[in-house]
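Here the structure comes first, spelled out in structure tokens, and everything after it is commentary.
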Amino acid sequence: MEQQLKQLEQEALEKLQAATSLKELNEVRVAYLGKKGPITDLLKGMGKLSPEERPKMGALVNTVREYVTAELEKKAAVLEEQAIQEQLEKESVDVTLPGRKIKTGNRHPLTRVIEEIEDLFVSMGYEIAEGPEVEKDYYNFEALNLPKGHPARDMQDTFYITEETLLRTHTSPVQARTMELKKGEPIRIICPGKVFRRDNDDATHSHQFMQIEGLVIGENIHMSDLKGTLDALAKKMFGEEREIRLRPSFFPFTEPSVEVDVSCHKCGGSGCNVCKHTGWIEILGAGMVHPNVLEMAGYDSKKVSGFAFGIGAERIAMLKYGVDDIRHFYTNDNRFLSQFHRTEG
Ligand code: PHE
Numbered sequence: 151m152e153q154q155l156k157q158l159e160q161e162a163l164e165k166l167q168a169a170t171s172l173k174e175l176n177e178v179r180v181a182y183l184g185k186k187g188p189i190t191d192l193l194k195g196m197g198k199l200s201p202e203e204r205p206k207m208g209a210l211v212n213t214v215r216e217y218v219t220a221e222l223e224k225k226a227a228v229l230e231e232q233a234i235q236e237q238l239e240k241e242s243v244d245v246t247l248p249g250r251k252i253k254t255g256n257r258h259p260l261t262r263v264i265e266e267i268e269d270l271f272v273s274m275g276y277e278i279a280e281g282p283e284v285e286k287d288y289y290n291f292e293a294l295n296l297p298k299g300h301p302a303r304d305m306q307d308t309f310y311i312t313e314e315t316l317l318r319t320h321t322s323p324v325q326a327r328t329m330e331l332k333k334g335e336p337i338r339i340i341c342p343g344k345v346f347r348r349d350n351d352d353a354t355h356s357h358q359f360m361q362i363e364g365l366v367i368g369e370n371i372h373m374s375d376l377k378g379t380l381d382a383l384a385k386k387m388f389g390e391e392r393e394i395r396l397r398p399s400f401f402p403f404t405e406p407s408v409e410v411d412v413s414c415h416k417c418g419g420s421g422c423n424v425c426k427h428t429g430w431i432e433i434l435g436a437g438m439v440h441p442n443v444l445e446m447a448g449y450d451s452k453k454v455s456g457f458a459f460g461i462g463a464e465r466i467a468m469l470k471y472g473v474d475d476i477r478h479f480y481t482n483d484n485r486f487l488s489q490f491h492r493t494e495g
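Those letters in the sequence shown? Residues 151 to 495, per our numbering, in order.
Structure (structure tokens):
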């Protein structure tokens, strides 16, 4: 029996050393130490032994059982450690991988155009003036030489809120308000902001859009000053080689009034689809401030004169960036907006 026990111990130790996983090790444990295992069997068979042999054998079986148990535990610790190492290797993080790019926003193309224009005019000594979007009929029309019932009011389809209040159709009312505030003092301002017209939305029209209007009032302000200023604007927005030309036009608040064209930035003036084969692109309206407008705001039109101009930010952005539909600016589609990311300056 002793011999048998030695052999069992030997076998158990060999098998447990050969185990390569905790599962296999457990199988060895069950096979040798389990209730149905040979060691238990030996203990069960003790009854057949003589009373003198019994304690000796009992002690021997226990020693073997304890030894095998201790060896099993040692091996289990080794296998556990191995399993953890393997897991760690599998789950390891490669710290040399480049990080994921964080998406940052960028300025809206209209904001960029407006800020570029603001920068230019601020550098020429202008101030930026703002005013209400819900405006009085007086500032939007009357103070600009457009009395009630004047046919030229039809030039700007209007959202009326009451008889006397409306959504401003241009930012010119900011100019009227500034003239009233300055009480005869010289003025140099630009007025950026939202304006509203009862237009049907299509590729080139929107019921809401952005304008930047400018106003200069002082002694000895001439048409040549207007022309030089707009020339600087055209060059800043469309490139140093650009030229401008003025064509006669009509606005109730300016006299004379002009429509301003810039030489085509795409073909340089030889004619292409952008300039409709004329070499010129209309970009804004302007003129010398009408004496009635000056007088209504308390300026002496014999002593001072001024010029004004009005730019549509969308139109400039469409030309500058080659956008074919004004509605792209308002739909918040990231596929459109993110295209202005790389050129952000
Ligand atoms: N206020 C005009 C418009 O919105 C633009 C303009 C401004 C024209 C100043 C001439 C002078 O149509």
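In this text, a Cβ means the ideal position worked out from N, Cα and C, and glycines have one as well.
Compare the beta carbon distance of L172 and L229 with 8 Å and say whether it is the shorter of the two. Counted from its first residue, the sequence shown places residue 172 at position 22. Counted from its first residue, the sequence shown places residue 229 at position 79. Yes; because the gap between Cβ atoms is below 8 Å, this pair is in contact.
Thinking C-alpha only, which one of K332, E313 and R348 is nearest D304? Stepping through the sequence shown from its first residue, residue 304 is reached at position 154. If we check each option's Cα against that of D304, R348 comes out closest.
Measuring from the CB of Q361, is there a heavy atom of the ligand PHE at a distance below 7 Å? The residue you call residue 361 lines up with position 211 of the sequence shown. True, at least one ligand heavy atom lies under 7 Å from that Cβ.
Any heavy atom of the ligand PHE closer than 7 Å to the CB of T404? Indexing the sequence shown from 1 puts residue 404 at position 254. At least one heavy atom of the ligand PHE is nearer than 7 Å to the Cβ of T404, so yes.
Please confirm whether F490 and R262 have their CB atoms less than 8 Å apart. Counting from one through the sequence shown, the residue named residue 490 turns up at place 340. Counting from one through the sequence shown, the residue named residue 262 turns up at place 112. Yes, the pair counts as a contact, with Cβ atoms nearer than the cut-off.
Can you tell me whether G364 is buried or exposed, with buried defined as 16 or more other CB within 10 angstroms of its CB? Along the sequence shown, read from residue 1 onward, the residue named residue 364 stands at position 214. It is buried - the Cβ of G364 has at least 16 other Cβ atoms within 10 Å.
Please name the residue in R318, Q325, E369 and I340 whose C-alpha comes closest to that of F346. By 1-based counting over the sequence shown, the position of residue 346 is 196. Considering only alpha carbons, the answer is R318.
Should A436 be listed as close to the ligand PHE, given that the test is whether its C-beta is under 7 Å from any heavy atom? Taking the sequence shown and counting its residues from 1, one reaches residue 436 at position 286. Within the cutoff, so yes.
Burial state of K185, where buried means 16 or more other Cβ atoms lie within 10 Å: As a working mapping, residue 185 is identified with position 35 in the sequence shown. Exposed: under 16 other Cβ atoms inside 10 Å.
Buried or exposed (CB count within 10 angstroms, at least 16 for buried), L158: Translated into positions along the sequence shown, residue 158 becomes position 8. Burial call: buried.
Do you know offhand how far K416's Cα is from P398's? The residue you call residue 416 lines up with position 266 of the sequence shown. The residue you call residue 398 lines up with position 248 of the sequence shown. Between K416 and P398, the C-alpha separation is close to 25 Å.
Go through the segment 202-267 residue by residue and report every complete run of the alpha helix (DSSP H) that reaches 4 residues or more, in order. 203-241
Could you pull out every unbroken beta strand (DSSP E) segment of at least 3 residues lying fully inside the segment 309-385, listed in chain order? Those beta strand (DSSP E) runs which fall completely within the segment 309-385 and span 3+ residues are 315-317, 337-346 and 358-368.
So what does DSSP say about E280, is it helix, strand or coil? As a position in the sequence shown, residue 280 is number 130, starting the count at 1. Three-state result, E280: coil.
Determine the direct distance from the alpha carbon of D475 to that of N370, and round the result to whole angstroms. Residue numbering aside, residue 370 sits at position 220 when the sequence shown is read from its first letter. Residue numbering aside, residue 475 sits at position 325 when the sequence shown is read from its first letter. One C-alpha to the other measures close to 41 Å.
Short of 6 Å in beta carbon distance, which residues of its chain neighbour P402, apart from the five on each side in sequence? Order them along the chain. Here residue 402 refers to the residue found at position 252 when the sequence shown is read from its first residue. The residues are N295, L296 and A302.
Host alpha helix (DSSP H) of V443 (start-end): Within the sequence shown, numbered from 1, the residue matching residue 443 stands at position 293. Note, V443: alpha helix (DSSP H), P441 to M446.
Which residue wins for smallest C-alpha separation from E342, given the options E280, T170 and A220? Here residue 342 is taken as the residue at index 192 of the sequence shown, counted from 1. Note that residue 342 is Pro in the sequence shown here, rather than Glu. Closest option to P342, Cα to Cα, is E280.
If K386 and L270 are in contact, beta carbons under 8 Å, what's the gap, nearest whole angstrom? Residue 386 sits at position 236 when you count from the first residue of the sequence shown. Residue 270 sits at position 120 when you count from the first residue of the sequence shown. Rounded, the Cβ-Cβ distance is 5 Å, consistent with contact.
Count the other CB atoms within 10 Å of the CB of E390; is the residue buried (16 or more) or exposed (fewer)? As a first step, residue 390 must be located in the sequence shown, where it is residue number 240. Under this definition E390 is an exposed residue.
If you follow the alpha helix (DSSP H) that T466 is in, where does it begin and where does it stop? Taking the first residue of the sequence shown as position 1, residue 466 is located at position 316. Note on residue identity: the sequence assigns Ile, not Thr, to residue 466. Counting along the chain, the alpha helix (DSSP H) containing I466 begins and ends at A463 to Y471.
Going by CA-CA distance only, name the one from V243, A463 and K206 that's closest to T354. As a position in the sequence shown, residue 354 is number 204, starting the count at 1. Residue A463 is the option with its Cα nearest to T354.
Please confirm whether any heavy atom of the ligand PHE lies closer than 7 Å to the CB of A463. Locating residue 463 in the sequence shown gives position 313, where the first residue counts as 1. Because no heavy atom of the ligand PHE lies under 7 Å away, the Cβ of A463 does not count as near it: no.
Go to L396, then tell me how far its beta strand (DSSP E) extends in each direction, as first and last residue. Walking along the sequence shown from the start, residue 396 turns up at place 246. Run containing L396: I394 to F401, per the beta strand (DSSP E) assignment.
So the candidates are L444, I394 and K156; which of them puts its Cα closest to the Cα of W430? Numbered from its first residue, the sequence shown carries residue 430 at position 280. For the options L444, I394 and K156, the alpha carbon positioned closest to that of W430 is the one of I394.
Taking 6 Å as the limit between beta carbons, can you name the residues of its chain near V324, skipping five residues before and five after? As a working note, residue 324 is residue 174 in the sequence shown. Cβ neighbours of V324 within its own chain (closer than 6 Å, five residues either side excluded): A279, G281 and C341.
Give me, in chain order, the residues of the same chain whose beta-carbon lies closer than 6 Å to that of C425; leave out the 5 immediate sequence neighbours on both sides. The sequence position of residue 425 within the sequence shown is 275, counting from 1. Closer than 6 Å at Cβ, skipping near neighbours: C414 and I431.
Please indicate yes or no: does the CB of S322 lie closer than 7 Å to some heavy atom of the ligand PHE? Taking the sequence shown and counting its residues from 1, the one referred to as residue 322 is at position 172. At least one heavy atom of the ligand PHE is nearer than 7 Å to the Cβ of S322, so yes.
Assess contact between the segment 214-226 and the segment 240-247, defined as three or more Cβ pairs (one per stretch) separated by less than 8 Å. Is contact present? no
With DSSP run on the structure shown, which of helix, strand or coil describes G195? Numbered from its first residue, the sequence shown carries residue 195 at position 45. Looking at G195 - three-state DSSP - the assignment turns out to be helix.
Which value, in whole angstroms, describes the spacing of the CA atoms of V178 and L155? Taking the sequence shown and counting its residues from 1, the one referred to as residue 178 is at position 28. Taking the sequence shown and counting its residues from 1, the one referred to as residue 155 is at position 5. Each residue's alpha carbon lies about 16 Å from the other.
In whole angstroms, what separates the C-alpha of G249 from that of N484? Here residue 249 is taken as the residue at index 99 of the sequence shown, counted from 1. Here residue 484 is taken as the residue at index 334 of the sequence shown, counted from 1. Their backbone Cα atoms lie some 23 Å apart in a straight line.
For E494, which three-state DSSP category applies? Counted from its first residue, the sequence shown places residue 494 at position 344. Only weak support is given to the placement of E494: the predicted model assigns it a pLDDT of 47, under 50, and the question is left unresolved by the model.
Give the straight-line distance between the Cα atoms of E265 and H258, rounded to the nearest whole angstrom. What you label residue 265 is simply residue 115 of the sequence shown in a count that begins at 1. What you label residue 258 is simply residue 108 of the sequence shown in a count that begins at 1. Going from the Cα of E265 to the Cα of H258 covers about 11 Å.
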